Structure formats: C-alpha cells, structure tokens
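Structure, as structure tokens:
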Amino acid sequence: IVDGKLDYKTQTTTKKIKKTLPKSFFQMTEELNLKDIWRERNINEKQYTFYSNRHSSWSRIDMVWISAEILSNIQDIDIGTSTWADHNPIMVVWKGQRK
Numbered sequence: 027i028v029d030g031k032l033d034y035k036t037q038t039t040t041k042k043i044k045k046t047l048p049k050s051f052f053q054m055t056e057e058l059n060l061k062d063i064w065r066e067r068n069i070n071e072k073q074y075t076f077y078s079n080r081h082s083s084w085s086r087i088d089m090v091w092i093s094a095e096i097l098s099n100i101q102d103i104d105i106g107t108s109t110w111a112d113h114n115p116i117m118v119v120w121k122g123q124r125k
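Here our numbering is used: the first residue of the sequence shown is 27, the next is one more, and so on.
Below, the structure written as structure tokens:
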C-alpha cells in the first residue's frame, strides 16, 4: 500500500497495521521518475483493486507505474469491477488506442 488513508479500507473496528511498500521501492520510483498513473489521475479518489475476505478489507495493491516522460501518452486508466476474482482488473488506454 502506498497511502494508508486513500488505498486501504476495513470494516473491522480493531486497528491493524497497514503494510506499506519498503523505502527502497519509493527510492527506486524517485530515482527512475516513475509515477502511479491511477493516483496521478485520481488524486483523492478511493477505489480498490483487492478485497480480503479474511480481513474484511479493501486495498489498492495493484498499480501501474510508468516513466513520467510517457505519462502524457496515457489517455485513460480505470479500475474495473471484479466478478469472480479477489483482484479487480486495471485497464490502461494509450492515446490513439481504442477502448
């Protein structure tokens, strides 16, 4: 999880420690100038890609990271609805590509 306030939701009342990505991951994204496309386009939005039945929680743990240099080539990004899996699909549409 990148941002515990935006990328995690639970129905339980007990406080659980939300696992975040290691510092080395954030250092790498900074060094390589990588951006989380969905978060870039949905700054304060709460939408999740994973549901844990065991913990009764939702998380946005599936992400698409790309170089900032090609960020403008992305037309759209959407988190789809899961019908049978515990993860939701992420659809990325490049400019010039049909949906």
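Where a beta carbon is used, it is the ideal one built from N, C-alpha and C, also for glycine.
Quick caveat: nothing in here was measured; it's all calculated off a predicted structure.
Exposed unless 16 or more other CB atoms sit within 10 angstroms - verdict on residue i
i, result
"W110", "exposed"
"I96", "exposed"
"I75", "The sequence given here places Thr at residue 75; Ile does not occur at that position. Buried, by the Cβ-count rule."
Three-state secondary structure (DSSP) of residue i
i, result
"Q37", "coil"
"I96", "helix"
"I87", "coil"
"I27", "coil"
"Q101", "strand"
Range covered by the beta strand (DSSP E) that runs through residue i
i, result
"W91", "91–93"
"V118", "116–120"
CA nearest to the CA of residue i, picked from the options
i, options, result
"K72", "S98, P48, G30, M117", "G30"
"V118", "T38, R67, T55, L32", "R67"
- Message: Suppose only complete runs of 3+ residues qualify. What are the beta strand (DSSP E) ranges in the segment 48–84, listed by chain order?
- Response: Runs found: 60–62, 76–78.
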